[in-house]
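Here the structure comes first, spelled out in structure tokens, and everything after it is commentary.
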Amino acid sequence: MSDSQNATALPRPAKKLDPVNAGFLLIAHLLGVAGLVYLITNFNPYTLILAIVYGGLCGLAITGGYHRLFSHPTYKANAFLRAIYLFFGAASIQNSALKWSADHRRHHARTDTDDDPYNIRRGFWWAHIGWVLFDAGETDLSLVKDLEEDPLVRFQDRHYLALVILSAAVVPALIASLWGDWLGGLLVVGFLRLIVEWHSTFSVNSFTHMVGAQPYCKKGSARDSWLVALITFGEGYHNYHHRFPIDYRNGVRWYQFDPTKWFVWTLSKLGITRDLRRTPEPRRLEALRKTAEESASRAA
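According to the numbering used here, the sequence shown is numbered sequentially starting from 190.
Structure below.
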């Protein structure tokens, strides 16, 4: 899905506060703080390890699944991996893969305009979390007709709330109950993990559209940030991603931190993923050259 792809122009997002979203975000943050207090006062190494592992799986579900598989057709995956992505994606509570992808494709098609769901021109806080708090109406699904043909994606969308409760609360509590810490499973693995993951993901919408380098394209606000890449499994190389959105890699250089790329590549060797799409090296180098020349001409 390229930045230049046509998309239906939509009205400016409504500024009416969404009481359900706002209320849930408030409660989730309070429970996340409670989870941090609980972790400090009732420290259990097994619960902490579970939170880290669960957070890693949820993070990869968003970066490798929601983003690089469903939103952008950068590779193909078998049904088992897609189901895993959809389960842990639900635990991330960032909407169903269908609606998340619809918003993201619209973001690429209408970057930095009023039709961009997380338009950075509305300010840092709008792009980071404000857009979630306000009612923008029904999600436009015109850009995700292909995903509506995937029965697993449809199933997750139809049963999203039940899957959220199961994956984000019930499963962590049940696993932690094996060592007698179901409450830690709920508060630490469920909500503290969730809040950390949310703000990591949100930082891509905010920080990487404000701070960082633009080596591949000066058009638009997307920037590369190695710091954001560290907390988002490689999603911080956003300037490259906006220039070449159908590449399964965000960190294209060998030294750039992109665990999602390594994960997808490793699974391709096991036959779980296939048809990994890569930007031809001459195209990448040409983009670098043109951008450098543009920067030099502006500085002259």
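Each residue gets a CB set at the ideal place from its N, CA and C atoms; glycine is no exception. Predicted model, so just to flag it, every value in this text is computed and none were measured.
Residues bridged to THR462 [DSSP beta-bridge criterion]: ALA266
Let me know the secondary structure DSSP gives PHE323 once reduced to three states. strand
So, helix, strand or coil for ALA402, using DSSP? strand
Which residues in the same chain have their Cβ closer than 7 Å to the Cβ of LEU199, if we skip the five residues on either side of it in sequence? Here the model assigns LEU199 a pLDDT of 41, short of 50, so the residue's position is not dependable, and the following value carries that caveat. Closer than 7 Å at the Cβ level, and outside the excluded window around LEU199, lie ASP304, ASP329.
Take HIS348 as the anchor and find which of ALA298, LEU287, TRP320 has the nearest alpha-carbon. LEU287
Are there three or more Cβ pairs, one per stretch, closer than 8 Å when the segment 432 to 452 is compared with the segment 461 to 468? yes
Counting only the same chain and skipping the five closest in sequence on each side, list residues whose C-beta sits under 6 Å from that of TRP320. PRO306, TYR307
Three-state secondary structure (DSSP) at ASP292? helix
If I'm right that ILE251 touches GLN283 with Cβ under 8 Å, what's the distance once you round it to whole angstroms? 7 Å
Counting C-beta neighbours from all protein chains within 10 Å, is the total for ALA357 16 or more, i.e. buried, or is it exposed? buried
Using a Cβ-Cβ cutoff of less than 6 Å, which residues in the same chain neighbour ASP346 once the five nearest sequence positions on both sides are dropped? SER285, LEU287
Just checking, does the segment 227 to 242 make contact with the segment 364 to 382 on the three C-beta pairs under 8 Å criterion? yes
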